[in-house]
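Participant:
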Amino acid sequence: MTRAGDLWRFPGTRAAAFAVLAYLYLPIVVLVVLSFNASDSSLARWEGFSTHWYAVAAADGNMVHSIEISLTVACVATLVGTIVATLAALATSRTRFRGQIAVEALIGLPLVVPDIVAAIAILLFFVMVGIQLGLLSLVLAHTVFTIPIAYLPIRARLAGLDPALAEAAADLYANPWQSLRRIILPLIWPGILSGAMLAFIGSLGDVVVSYFISGPGSTTLPVYVFSMVRMGVTPTVNAVSTLLIAASASLLTLSYLLGRRFN
Amino acid sequence: MERLTKPFLLAACLALLPVGAAPALAQSKELLLFNWSNYMPPDLLKRFEAETGIKVTLDTYDSNETMLAKLQAGGAGYDVVVPTGPTVQVMVRDGLLMKFDASTMANFKNVRAPFDKPAFDPERAYTVPYMWGSTGIAYDTAKVPGGKLDESWKELFEPRSQFVGLIGMLKDENDVLGAAAFYLGYDYCFEKPEEGQKVLELLEKQKPAVKVYNSEGTVDRVGGGDVAMELMWNGSFHRAHKKLATVAYIYPREGLALWGDNLAIPKGAKNVENAKLFLNWMMDPKNAAEATNFLGYNNAIKGSEQYLDASLRDDPAVNTPEEDAARFKPVRDCPKASIDLKDKIWTRLLR
Amino acid sequence: MSNARQRAGLLAPSMAVIGVLLVLPLGLMAFVSTLERGPDGGVIWSRHTLDAYLQFLFERDLLDNLVLNTDYLQIFARSIGLAATTAVLTLAIAFPIALWMAFQPPHRRTLLLFVVTVPFWTNLLVRNYAWILLLRNGGVIDRLLQATGLTHEPLNVLYSPLATGIGLVYSFLPFMILPIYVSLEKLDRRLIEAAFDLGADRWHALIRIILPLSMPGIVGGLILVFVPCLGAFVTPALLGGGKSLMIGSLIQLQFGQSRNWPFGAALAFVLLALILCALLFHALRYRRLAGRLV
Numbered sequence: 001m002t003r004a005g006d007l008w009r010f011p012g013t014r015a016a017a018f019a020v021l022a023y024l025y026l027p028i029v030v031l032v033v034l035s036f037n038a039s040d041s042s043l044a045r046w047e048g049f050s051t052h053w054y055a056v057a058a059a060d061g062n063m064v065h066s067i068e069i070s071l072t073v074a075c076v077a078t079l080v081g082t083i084v085a086t087l088a089a090l091a092t093s094r095t096r097f098r099g100q101i102a103v104e105a106l107i108g109l110p111l112v113v114p115d116i117v118a119a120i121a122i123l124l125f126f127v128m129v130g131i132q133l134g135l136l137s138l139v140l141a142h143t144v145f146t147i148p149i150a151y152l153p154i155r156a157r158l159a160g161l162d163p164a165l166a167e168a169a170a171d172l173y174a175n176p177w178q179s180l181r182r183i184i185l186p187l188i189w190p191g192i193l194s195g196a197m198l199a200f201i202g203s204l205g206d207v208v209v210s211y212f213i214s215g216p217g218s219t220t221l222p223v224y225v226f227s228m229v230r231m232g233v234t235p236t237v238n239a240v241s242t243l244l245i246a247a248s249a250s251l252l253t254l255s256y257l258l259g260r261r262f263n
Numbered sequence: 001m002e003r004l005t006k007p008f009l010l011a012a013c014l015a016l017l018p019v020g021a022a023p024a025l026a027q028s029k030e031l032l033l034f035n036w037s038n039y040m041p042p043d044l045l046k047r048f049e050a051e052t053g054i055k056v057t058l059d060t061y062d063s064n065e066t067m068l069a070k071l072q073a074g075g076a077g078y079d080v081v082v083p084t085g086p087t088v089q090v091m092v093r094d095g096l097l098m099k100f101d102a103s104t105m106a107n108f109k110n111v112r113a114p115f116d117k118p119a120f121d122p123e124r125a126y127t128v129p130y131m132w133g134s135t136g137i138a139y140d141t142a143k144v145p146g147g148k149l150d151e152s153w154k155e156l157f158e159p160r161s162q163f164v165g166l167i168g169m170l171k172d173e174n175d176v177l178g179a180a181a182f183y184l185g186y187d188y189c190f191e192k193p194e195e196g197q198k199v200l201e202l203l204e205k206q207k208p209a210v211k212v213y214n215s216e217g218t219v220d221r222v223g224g225g226d227v228a229m230e231l232m233w234n235g236s237f238h239r240a241h242k243k244l245a246t247v248a249y250i251y252p253r254e255g256l257a258l259w260g261d262n263l264a265i266p267k268g269a270k271n272v273e274n275a276k277l278f279l280n281w282m283m284d285p286k287n288a289a290e291a292t293n294f295l296g297y298n299n300a301i302k303g304s305e306q307y308l309d310a311s312l313r314d315d316p317a318v319n320t321p322e323e324d325a326a327r328f329k330p331v332r333d334c335p336k337a338s339i340d341l342k343d344k345i346w347t348r349l350l351r
Numbered sequence: 001m002s003n004a005r006q007r008a009g010l011l012a013p014s015m016a017v018i019g020v021l022l023v024l025p026l027g028l029m030a031f032v033s034t035l036e037r038g039p040d041g042g043v044i045w046s047r048h049t050l051d052a053y054l055q056f057l058f059e060r061d062l063l064d065n066l067v068l069n070t071d072y073l074q075i076f077a078r079s080i081g082l083a084a085t086t087a088v089l090t091l092a093i094a095f096p097i098a099l100w101m102a103f104q105p106p107h108r109r110t111l112l113l114f115v116v117t118v119p120f121w122t123n124l125l126v127r128n129y130a131w132i133l134l135l136r137n138g139g140v141i142d143r144l145l146q147a148t149g150l151t152h153e154p155l156n157v158l159y160s161p162l163a164t165g166i167g168l169v170y171s172f173l174p175f176m177i178l179p180i181y182v183s184l185e186k187l188d189r190r191l192i193e194a195a196f197d198l199g200a201d202r203w204h205a206l207i208r209i210i211l212p213l214s215m216p217g218i219v220g221g222l223i224l225v226f227v228p229c230l231g232a233f234v235t236p237a238l239l240g241g242g243k244s245l246m247i248g249s250l251i252q253l254q255f256g257q258s259r260n261w262p263f264g265a266a267l268a269f270v271l272l273a274l275i276l277c278a279l280l281f282h283a284l285r286y287r288r289l290a291g292r293l294v
């Protein structure tokens, strides 16, 4: 139904899109190149080629551990947050109901509260209630923030979804669960995937909440990196970032190729 | 592709879950260090592990203030923490530090004066010294005919024309306002509104000549020539000097800040004996020297000079000559009136 | 199951998580904002005062009278202006690429989703450092422009509002592209074809058909960019020269060197009130507008 040729109606979008992609990847190219910089700072000019920093990063047990923590927390928080957000979006996208605005405001609340206030508030609360700081506390705190991030794209997708579709399914004796699985979920899948992606990078990048809510042994990567600033950030961070991109790009390519094979 | 994306992501996530289960380390063989991420040489910590069998786990913070805030809000559990002098005073007042009397430790005899009796912990009941540094002026001598500036804060706050637009400042109200106070002849903890007004005026007049207010990246902007004059820590200067040999460090005669970082044991630490072992170990000359060589800041331990890198021994910014050391003004925690005044000036300057 | 029961069940998880893990802690924080500040930071739990809220607008002069103080208002105004500008610019840049992505063949679309977000798996600090190196005088862009003769003087972009804008728009781009893409992707092409068949030109097809139908995505994107951008302070500090405080740094300062936790909390609540009012205002307006569309 969709042909790439449809875009001939709107010339310039292709050029614009490639310009934006260039904008997105320009600093990434610089970042990757600098991971091979012999200099001891991420802000320094090129001083010669070296893979030294990759070795240093690999040998830094604390850095490696922080990557593991970050990825774990991001995965779990994204998974839970996206599921919860999907359910919420399904609820608010139907007919208007009393208290809808309050509900949507509540869902958006984590976005509005400044990081540090939320972080200290949750820390005070956890300490009061007796929740031990560690991986679990981190996941809980991150989930709060992934919910609105995932919610907004899903909600945007659901808006304007033809209600006649759900009605037709019901007419054909599909129960609500089947209607959900077979009709609605596939239709909103791009929204769910987008929401999950944004929530994932939101969680990966979080500093302030992660700092206050982490316990001994559960420092995340961004916190570890920000703590390098006082003495100077070394290209180990570039090395680690490059490896993360390489890993996700490989995952992607693999997925894509397998997808094409199976289609 | 859609069909496979979900299971792929799920599999990737599940593969990581076992990681999260924090290994249950034996209580007795562990040390939970709370520090900046790159403030201790990794090799030094590895040597400590090899010599004592104690595994060091590092958790990090990015400033004294955030470390303090977390501990004040109840986020405890660390065995060793690394506060700067003024923060030590606050932590002692708030009951956040454990008293262990460093003067009773075996290696304490190595601590050289005046670091054995600092104003913020006169009996060294709560801390042992780690690195110390000063906050002076770095400038590019190539920009000055004759290559030498007057040893005064005037050069920074009322700059010569060739430095206008090429000045970098730290973004810390204590560093900046403290330096201004020294220049104007006020106490580091000035409180009078008239004094505050003069400080504000001085800084506002200087502001157009400043290129950037940022405490990070000083080494690279000085070493790379982006700024020609900088309010700078001496250890950062040492590293910048390696990149640009024409930069020099000034010890202003009106006085400059001397600050010291320390090792302390927070209340609620589980591995207290290991912590004490670590603190004592860090007062060994060889170990202190290794930290200095890695960081570029001097240490407080007698006998470490023989292990220092030549470049550090020969750098007057790091190995401070006697006559310049007389200009040091140790920083301390200021009373509330002073803090509030400084806060107001800072906000007004940067609004 | 009745509609209302179904809805309650669907909403329960999110309401529970946010209610317990954020609303309750915020309640605690609201309480903190009414307490007296501790001498070294923290609060004195037994003493109450509304000084924190007064401090936003007033200060005490030497005679202990309340005098209007616009410092904090200026900081708020600047952050709001910056966030609004960033949101609008991001929208302008994101829309064409979202449109292009939506028109790609299916398997390529999902790939593009990832391509757009993968750069943000990297660390914010080194991304900003990359921008510093790109934008500084004598950096890659400066040298390129001078070599090709497009400019004859150093750029002087770094440590200016333009650099902050470049950096902020960059950081928030995926948060605008993806929601808009998601809205546009389900667009029925036949509507556009029909419009062209009926004699509409490109411009009108865009304004009358595409834009309104992508509105939910645009609104979602605007919220995802504007609101967090209000609290942004790392990028402005690194790329903008640090010469002025943003709301984010101001609030952080209160929990740091200023040792004024209640004021930090009060600032957050003032911000919250402002945003919720604005969102409420918009939501009510949008409801009425949306009622007129499909």
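Note that the protein sequences, when read in sequence, are chains A, B and C. Be aware that the first sequence starts at 1, since it is given in my numbering, and climbs by one per residue. Be aware that the second sequence starts at 1, since it is given in my numbering, and climbs by one per residue. Be aware that the third sequence starts at 1, since it is given in my numbering, and climbs by one per residue. We put the beta carbon where it would ideally sit given N, CA and C, even for glycine.
Tell me which residue opens and which closes the alpha helix (DSSP H) that G81 (chain A) is part of.
Facilitator: Note, G81 (chain A): alpha helix (DSSP H), 61–92.
Participant: Quick one, which residues of the region 242–260 of chain A are near chain D if we go by CB-CB under 7 Å, in chain order?
Facilitator: The structure shown has no chain D; the protein chains it does contain are A, B and C.
Participant: From A:G134, A:L158, A:L90, pick the residue whose C-alpha is nearest to that of S66 (chain A); which is it?
Facilitator: When C-alpha distances from S66 (chain A) are compared across A:G134, A:L158, A:L90, the shortest belongs to A:G134.
Participant: For M131 (chain B) and D43 (chain B), which I take to be in contact (beta-carbon distance under 8 Å), what is that distance rounded to the nearest angstrom?
Facilitator: About 17 Å; that fails the 8 Å criterion.
Participant: Give the list of continuous alpha helix (DSSP H) stretches no shorter than 4 residues that lie fully inside the region 249–322 of chain B.
Facilitator: 272–281, 285–295, 310–313
Participant: Is the beta carbon of P119 (chain C) sitting closer than 8 Å to the one on Y25 (chain A)?
Facilitator: yes
Participant: Give the interface partners of Y170 (chain C) over in chain A, defined as CB-CB distance under 8 Å, in chain order.
Facilitator: Y23, L24, P27, listed in chain order.
Participant: Can you find the residues in the same chain that come closer than 6 Å, C-beta to C-beta, to K143 (chain B), ignoring five residues on each side of it along the sequence?
Facilitator: Q162, A228
Participant: Would a C-beta distance cut-off of 8 Å place A105 (chain A) and L271 (chain C) closer than the cut-off?
Facilitator: no
Participant: Looking at C-beta atoms only, is the number of pairs between the region 122–138 of chain C and the region 236–256 of chain C that lie closer than 8 Å three or more?
Facilitator: yes
Participant: Could you spell out the range, first to last residue, of the alpha helix (DSSP H) harbouring F18 (chain A)?
Facilitator: 13–34
Participant: Using a Cβ cut-off of 8 Å, pull out every chain B residue sitting near R230 (chain A), in sequence order please.
Facilitator: W36, Y39, D62, S63, S215, E216
Participant: So, is V20 (chain A) buried or exposed, given that buried needs 16 or more other C-beta atoms within 10 angstroms?
Facilitator: buried
Participant: I'd like to check one pair, I107 (chain A) with I149 (chain A): are the Cβ atoms closer than 8 Å?
Facilitator: No.
Participant: Is the Cβ of E36 (chain C) closer than 8 Å to any Cβ of chain A?
Facilitator: no
Participant: What are the residues that DSSP puts in a beta bridge with R37 (chain C)?
Facilitator: C:V43
Participant: Quick one: residues in its chain with C-beta nearer than 7 Å to the C-beta of F76 (chain C), no 5 flanking neighbours on either side, listed in chain order?
Facilitator: I247
Participant: Whole angstroms are fine: how far does the CA of K148 (chain B) sit from the CA of L71 (chain B)?
Facilitator: The alpha-carbon of L71 (chain B) is positioned some 46 Å away from that of K148 (chain B).
Participant: Mapping the DSSP letters down to three states, classify G133 (chain B) as helix, strand or coil.
Facilitator: Correct three-state label for G133 (chain B): strand.
Participant: Rounded to the nearest angstrom, what separates V84 (chain A) and N123 (chain C) at their Cα positions?
Facilitator: 27 Å
Participant: Within this structure, are the beta carbons of L152 (chain A) and G256 (chain C) separated by less than 8 Å?
Facilitator: no
Participant: Just to confirm my understanding: we take N299 (chain B), look at its own chain, exclude 5 residues before and 5 after, and list those with CB closer than 8 Å. What are they?
Facilitator: P129, Y130, M131, W132, A288, A289, A291, T292
Participant: Quick one: list the residues of chain C neighbouring A69 (chain B), beta-carbon separation under 8 Å, in chain order.
Facilitator: Residues of chain C passing the Cβ test: G41, F255, G256.
Participant: May I ask you to list, following chain order, the residues of the region 226–254 of chain C that have a beta carbon less than 8 Å from some beta carbon of chain B?
Facilitator: A237, L238, G241, G242, K243, S244, L245, L250, L253
Participant: Going by DSSP, name the residue or residues bridged to A138 (chain B).
Facilitator: B:E230, B:Y249
Participant: One question on the structure: do L178 (chain C) and L73 (chain C) come within less than 8 Å of each other, judged by their Cβ atoms?
Facilitator: no
Participant: So, is the C-beta of I167 (chain B) closer than 8 Å to a C-beta in chain C?
Facilitator: no
Participant: Shorter than 8 Å from the beta carbon of T143 (chain A) to some beta carbon of chain C?
Facilitator: yes
Participant: How would you call L11 (chain C), buried or exposed, if buried means at least 16 neighbouring beta carbons within 10 angstroms?
Facilitator: buried
Participant: Please name the residue or residues paired with F269 (chain C) in a DSSP beta bridge.
Facilitator: Answer is none; F269 (chain C) lacks a bridge partner.
Participant: Here's a check: name, in chain order, each residue in its chain whose Cβ is nearer than 8 Å to the Cβ of K99 (chain B), leaving out the five neighbours to either side.
Facilitator: A125, Y126
Participant: Return no unless some Cβ of chain A is closer than 8 Å to the Cβ of P86 (chain B).
Facilitator: no
Participant: Could you confirm whether any beta carbon from chain B is found closer than 8 Å to the beta carbon of L90 (chain A)?
Facilitator: no
Participant: Apart from the five residues just before and just after T49 (chain C), which ones in its own chain have a Cβ nearer than 6 Å to its Cβ?
Facilitator: Cβ contact annotation for T49 (chain C) (same chain, cutoff 6 Å, sequence separation greater than five): E36, in chain order.
Participant: Residues in the region 110–129 of chain A with C-beta within 7 Å of chain B's C-beta atoms, listed in sequence order?
Facilitator: Cβ proximity to chain B below 7 Å picks out I120, L123, L124, V127 from the region 110–129 of chain A.
Participant: Run down chain B in chain order and give the residues with a C-beta less than 8 Å from the C-beta of T219 (chain A).
Facilitator: L58, D59, T60
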